[in-house]
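> The structure under discussion is supplied below as structure tokens; questions concerning it will follow.
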Amino acid sequence: MGMATHKYIGGCHCGNIALEMEITGKPDSYNPRACDCDFCRKHAASYVSDPHGKLVILVKNEANLGKYRQGSEIASCLICKICGVLVGVCYEEHGHLYATVNSKAIGNGADFGEETIVSPKTLNDQEKIQRWKNVWFADVGIKWIGAHER
Ligand SMILES: [Zn+2]
3 MGMATHKYIG GCHCGNIALE MEITGKPDSY NPRACDCDFC RKHAASYVSD
53 PHGKLVILVK NEANLGKYRQ GSEIASCLIC KICGVLVGVC YEEHGHLYAT
103 VNSKAIGNGA DFGEETIVSP KTLNDQEKIQ RWKNVWFADV GIKWIGAHER
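Position one of the sequence shown corresponds to residue 3 (this note's numbering), numbered consecutively onward.
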């Protein structure tokens with residue numbers, strides 16, 4: 003099909019976690035979703051994802067990849083334990099990883115659309131999972147790029 007993709011790089015502040023993101027639509031057609039839960043508001047996080055896109059999460063030191071579970075505790079918020087940046091959120095089911103990226107962790111001037119406020123806390127667990135499968139990246143890889151190969 004030869005679909006044009008837009009590639010972005012990003013990550014945490016100290017470089018322990020990097021992101022490589024490909025989205026299939028025009029960047030300004032993506033409205034980062036500012037989640038109104040207490041946790042996301044403390045980070046001023048807003049999320050970008052593309053179910054037809056691609057995401058690779060590159061981690062240098064796995065011990066410093068924090069996976070914080072809050073709210074319904076079915077997804078993991080990915081936080082660098084060194085610099086404290088929230089890079090995204092992931093959900094794993096049967097070994098398959100879904101994830102969304104904090105637009106604030108995309109560092110090369112991505113000109114997304116206006117932020118929109120969302121309230122996933124109003125959804126029950128099944129509704130949340132279904133929503134993540136609909137809108138998050140479904141093609142997600144984690145690469146361990148630290149000194150210790152695994
Ligand atoms: Zn960091």
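Idealized CB from N, CA, C, for every residue including glycine.
#1: Any heavy atom of ligand 1 closer than 7 Å to the Cβ of V87?
#2: If we count the other Cβ atoms within 10 Å of its Cβ and call it buried at 16 or more, is D52 buried or exposed?
#3: Using a Cβ-Cβ cut-off of 6 Å (strictly less than) and excluding sequence neighbours within five positions of I81, which residues of its own chain qualify?
#4: Can you check the segment 113–141 for any beta strand (DSSP E) of at least 3 residues that lies completely inside it and give the ranges in chain order?
#5: Which word fits R152, buried or exposed, when buried means at least 16 other C-beta atoms lie within 10 angstroms of its C-beta?
#6: Return the Cβ separation of D10 and A112 in integer angstroms, given the expectation that the two are a contact with Cβ distance under 8 Å.
#7: Closest to K123 by CA distance: which of T7, K28, F41 is it?
#8: Assuming H153 is part of the beta strand (DSSP E), what are its boundary residues?
#9: Could you tell me the alpha carbon to alpha carbon distance between C16 and G143, rounded to whole angstroms?
#10: Where DSSP assigns a beta bridge to G73, which residues make up the other side?
With the structure as the only source:
#1: Residue mapping note: residue 87 aligns to position 85 of the sequence shown, counting from 1. Yes, ligand 1 has a heavy atom inside 7 Å of this Cβ.
#2: One-based indexing of the sequence shown puts residue 52 at position 50. D52 comes out buried.
#3: Here residue 81 refers to the residue found at position 79 of the sequence shown. For I81, where only same-chain residues beyond five positions count, the Cβ hits under 6 Å are G68, Y70, L88.
#4: 118–120
#5: Counting from 1 along the sequence shown, the entry for residue 152 is found at position 150. Caution applies to R152, whose pLDDT of 48 falls short of 50 and renders its modelled position unreliable; the model cannot decide the point.
#6: Locating residue 10 in the sequence shown gives position 8, counting from the first residue. Locating residue 112 in the sequence shown gives position 110, counting from the first residue. Inspection of the sequence shows that residue 10 is occupied by Tyr rather than by Asp. Their Cβ separation, rounded to whole angstroms, is 5 Å, which keeps Y10 and A112 in contact under 8 Å.
#7: Your numbering for residue 123 matches position 121 in the sequence shown. Ranking T7, K28, F41 by Cα distance to K123 puts F41 first.
#8: The structure shown has nothing for residue 153, since the chain only spans 3 to 152.
#9: Locating residue 16 in the sequence shown gives position 14, counting from the first residue. Locating residue 143 in the sequence shown gives position 141, counting from the first residue. Their Cα atoms are separated by approximately 21 Å.
#10: Position 71 of the sequence shown, counting from 1, holds the residue named residue 73. Per DSSP, none; premise fails for G73.
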